[in-house]
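Last residue of the sequence shown: 203 (this note's numbering), numbering continuous.
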Amino acid sequence: MPSETGHLESLEAKAPVLFLVGGALYAVFVANSVLTTYTGTSFSEANTFAQIGKAFIMVGTIGLFPALATKRRYLARAAAVVAAIPAIGWAFVGVVGIAEAVGLISGHPDPAFVPFVLLITKNLAFVLFGVTVLATDIHPKVIGVLLLVWASLLPLWMTVLSGVPIFVGDIIGLLVTLGVGVVLLKADIPATGSETPAEPTA
């Protein structure tokens, strides 16, 4: 009988690499943030690296779904659906940025609400996946904690950490990404094809 998680199961094995590649791309943006803070110099191309990097990270996050769905089906589904929004959004914005950089397009519209929507849905997805990881025994609990840490950065920087340079949060996000990738590489995740009791469907 086909698995309900379908082709998303192929993301499970790729999730660690997606997190690490995404982290490497995001590191370019983080380095640019530090450079901008201390020298005033900024490279616009760094934003494209960040967008593509975050798209990789969100797709890697969706890779957590198949295994989690065997224990917390509905919560995992909700997390994956929410994570798909910033994954698709940042991939699109990143591709547009590349096309603009090579001269294929110019002057594309950039609605102000788009970054906000992608940021909010990213944080919500991290909260949902973080809670789901902590509520199951599929993935190491530290992954859930790391995802919740990154999700907490926005409200913290808007309140008690408002005076701390933004790049500090970027660095924390980078370390979270690389940490999740490394933990997943070393983790022994049960195959999703195995029969595991799931939450009731009724």
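Idealized CB from N, CA, C, for every residue including glycine. Here the structure is a predicted model, which means the values were calculated and not measured.
- By alpha-carbon distance to S34, the top candidate from A25, A47 and A68 is A47.
- Per DSSP, the continuous alpha helix (DSSP H) segment holding D171 begins and ends at I167 to K187.
- Taking the Cα positions, A32 is about 34 Å away from E10.
- In this chain, the alpha helix (DSSP H) harbouring E101 covers R74 to A102.
- Listed in chain order, the alpha helix (DSSP H) elements of length 4 or more contained wholly in the stretch 35-77 are 46-63 and 66-69.
- For V132, the enclosing alpha helix (DSSP H) starts and ends at F114 to L135.
- Shortest Cα-Cα distance from N124 to any of T137, Q52, G24 and V150 involves V150.
- Under the DSSP assignment, I144 falls in the alpha helix (DSSP H) whose first and last residues are K142 to M159.
- Between V134 and K142 the beta-carbon gap is near 7 Å, inside 8 Å, which marks them as a contact.
- L148 and P87 have their C-alpha atoms roughly 15 Å apart.
- Approximately 18 Å separates the beta-carbon atoms of G95 and K15; this is outside 8 Å, ruling out the contact.
- Counting C-beta atoms within 10 angstroms of its own C-beta, Y27 has 16 or more neighbours from the protein chains shown and is therefore classed as buried.
- About 10 Å separates the Cβ atoms of F20 and G54, ruling out a contact at the 8 Å cut-off.
- Under the three-state reduction of DSSP, S107 is assigned to coil, being neither helix nor strand.
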